[in-house]
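Add 4 to a position in the sequence shown, counting from 1, and you land on the number used in this note's numbering. Worksheet: one structure, shown below.
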Amino acid sequence: MLDNPILIALMNHYNEWYSARFEQALAPFDADNLESSGSIQIDSTPWFAEPVKICDSQNQAVLFEGLPLAWLGEQPTPARVIELAWYAAALSDGELPALIGDRVTASPEILGELVSELLRADWSQIRDEEEDPASLALSRLIETAGPHLTTEQLELLLDRYMTTERPDDLVTAALKTALAAQGDYATAQLTIRLKQALDAGQAVEGPVEYLMIFLGSAGQQKHSAESFDAMRTAFRRATNKQVAAICLGDFGDPRGIAVMRSWLDSHPETDRATRLEIVAAIKRLGGEVEK
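Right, dumping it as structure tokens:
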């Protein structure tokens, strides 16, 4: 629950500052080239160099005054750092401010506490709104922590995800990014998990489908025989062939062309939408399909 009035006010102040800077950066773009504005990046560092004064809305008593990071104190505890990061991740416009993100990955102790907090949180889809603060906090902090996680921490987060009945979409995307950042280790672990699920006869849907999605992303740089074999089997057994085709396309191994062509040839009754998705994946891998 976000109930700290100082941190709420602090992030509101940040958002006002961010909005003004974004409007300035947006000014050179006109209606004809507005799409190019999507690449605008706002450096949040200057905001942290400006003193902030926060007063009680009722009696105007000063609740906080100083540079934003001064709220942490001279020797901030891990809990204090994580509290600030949680509010920033939940409420800030744009990306999580880098100076705050850097704090939560600055030491193994703080990172360990953050992982514990992430594991205690609810990973379920609470609302259908994309900008739900709880979803934003979880997803931004998972993504920030991703490249710095130990193998044990990564597996704990993956275990937590796999046991969540309806994982949040933003959390799914963040964990996908975090796994991809771990390179070969994540690819190996995802391959093992996917193969175990397939060997156990589990349906390729829900958590097993997510394993395929994650492996399709994490395994792009190294196509081992084991990983490809797992992806091929998962595609053939997948309930949703459109998702499975996207995964094979993401994985990037040209051997997937023959797998998908063969499946199309043996399933002429395939609906148009599914066929188009599979054909698109084949073309992404450099193949062609006869009309």
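Don't be surprised by glycine CBs; every beta carbon is placed ideally from N, CA and C. The structure presented is a predicted model; accordingly, all values stated were derived computationally and were not measured.
With distances taken Cα to Cα, identify the nearest neighbour of residue i among the options.
| i | options | result |
| --- | --- | --- |
| Arg124 | Leu142, Ala110 and Arg107 | Leu142 |
| Leu6 | Leu140, Phe232 and Asp163 | Leu140 |
| Glu209 | Arg241, Ile86, Thr155 and Thr191 | Arg241 |
| Pro258 | Gln225, Thr243 and Asn244 | Gln225 |
| Ala83 | Leu118, Tyr22, Phe68 and Met264 | Leu118 |
| Val85 | Leu11, Ala177, Glu135 and Leu202 | Leu11 |
| Leu122 | Ala89, Leu103 and Ser111 | Ala89 |
| Glu113 | His271, Pro80 and Ala262 | Pro80 |
| Ser48 | Asp60, Gly105, Gly70 and Leu30 | Gly105 |
| Thr191 | Leu160, Met166 and Glu230 | Glu230 |
| Ala222 | Leu268, Gln246, Gly256 and Val247 | Gly256 |
| Val263 | Leu174, Phe232 and Leu183 | Phe232 |
Just to confirm my understanding: we take residue i, look at its own chain, exclude 5 residues before and 5 after, and list those with CB closer than 6 angstroms. What are they?
| i | result |
| --- | --- |
| His17 | Val56 |
Return yes when the Cβ of residue j is within less than 8 angstroms of the Cβ of residue i, no when it is not.
| i | j | result |
| --- | --- | --- |
| Ile304 | Ala249 | Residue 304 cannot be examined here, being either before or after the span of the chain that is shown, 5 to 295. |
| Ala285 | Leu252 | yes |
| Gln200 | Pro171 | no |
| Leu194 | Phe218 | yes |
| Leu95 | Pro137 | yes |
| Gly220 | Asp254 | yes |
Closer than 8 angstroms by C-beta to residue i: which residues in its own chain qualify, once you throw out the five before and the five after it? Chain order, please.
| i | result |
| --- | --- |
| Leu115 | Val108, Thr109, Ala149, His152, Leu153 and Gln157 |
| Tyr189 | Thr155 and Leu158 |
| Trp51 | Tyr18, Trp21, Tyr22, Pro72 and Pro101 |
| Gln62 | none |
What is the rounded straight-line gap between the Cα of residue i and the Cα of residue j?
| i | j | result |
| --- | --- | --- |
| Ala204 | Glu292 | 34 angstroms |
| Leu215 | Arg25 | 40 angstroms |
| Ala93 | Ala207 | 35 angstroms |
| Pro211 | Asn244 | 13 angstroms |
| Leu67 | Leu103 | 23 angstroms |
| Arg236 | Ile261 | 10 angstroms |
| Glu54 | Met15 | 14 angstroms |
| Leu161 | Tyr91 | 21 angstroms |
| Gly98 | Ile44 | 10 angstroms |
| Thr168 | Trp267 | 31 angstroms |
| Glu69 | Glu87 | 18 angstroms |
| Trp127 | Arg144 | 13 angstroms |
| Leu30 | Leu198 | 45 angstroms |
Suppose the cutoff is 7 angstroms on Cβ atoms and the five residues either side in sequence are ignored; what does the same chain contact list for residue i look like?
| i | result |
| --- | --- |
| Thr181 | Glu147 and Gly150 |
| Ala13 | Ile58 |
Is residue i near the ligand COA, in the sense that its beta carbon is under 7 angstroms from a heavy atom of that ligand?
| i | result |
| --- | --- |
| Gln45 | In the structure on display, the ligand COA does not appear, and there are no ligands present to speak of. |
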